[in-house]
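Asks: For the sequence shown, the UniProt record's numbering assigns the number 1 to the initial residue and increments by one for each residue that follows. Heads up, the beta-carbon is just placed ideally off N, CA and C, and yes, glycines get one too. After the structure tokens below, expect a handful of questions from me.
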Amino acid sequence: MTITVRLADPPSEGRLDWPGGSFRCVLGRGGIRSDKREGDGATPVGRFALRRVLWRPDRLARPETGLPVSPIAPDDGWCDDPADPAYNRPVKRPYAASHEELWRDDHVYDVIVVMGHNDDPVVPGLGSAVFMHVARPDGAPTAGCVALPLPDLLRLLKDCAPGTVLTVPDPAA
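Right, here's the structure in full:
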């Protein structure tokens, strides 16, 4: 199955379409870019396999999906330091290099879909922790991820299975 993100206006808003439906989504504050770099706030152009789903078991039941699913633990993180050997990989906290905390007080990482962005192989500086996750209640832009309201994300995941890809077309093409 292919999920396609279409750019809307402003550039941090989009539409996510797949054979089972269509939802509004939130994109990176830097819009969509074909030359994604660490820290630019942009959602990258590309075709990304949906690798697996991570979720907060203390807040939600296990999401229904055909993708592999793993619970998040309080010591889980994701390295975002391009100089570190674990760049764009999961890490256990505390961790010396810069990293994202996956166990957050807000709800944006209650469900995380790990996308195949800059992971095969990892290239330092081309972006890390680009996920699909829960949108903030106010619809604020992400740091480069694709975000949906929790009910929409859970609905989408029911249709996902190994082989599902997220496509982000280049708006300049």
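Nearest-angstrom Cα distance between Ser12 and Ala143?
Replies: So the two alpha carbons sit approximately 10 Å from each other.
Asks: Do the segment 28–36 and the segment 74–82 touch if we need at least three Cβ pairs shorter than 8 Å?
Replies: Taking 8 Å as the limit for Cβ pairs, the verdict is that the segment 74–82 does not touch the segment 28–36.
Asks: Please name the residue, chosen from Asp170, Leu157, Asp105, Ala73, that lies closest to Arg51 on a Cα-to-Cα basis.
Replies: Arg51 has its Cα closest to that of Leu157, out of Asp170, Leu157, Asp105, Ala73.
Asks: Skipping 5 residues on each side, what residues in its chain have a beta carbon closer than 6 Å to that of Tyr95?
Replies: Closer than 6 Å at Cβ, skipping near neighbours: Gly77.
Asks: Can you tell me whether Glu100 is buried or exposed? The criterion is at least 16 other CB atoms within 10 Å of its CB, across all chains shown.
Replies: It is buried - the Cβ of Glu100 has at least 16 other Cβ atoms within 10 Å.
Asks: What did DSSP end up calling Asp152 once you bin it into helix, strand or coil?
Replies: Reduced to three states, the DSSP call for Asp152 is helix.
Asks: Please determine whether the Cβ atom of Ala129 lies at a distance below 7 Å from any heavy atom of the ligand ZN.
Replies: By its list of ligands, the structure shown contains no ligand whatsoever, and the ligand ZN lies outside what it can speak to.
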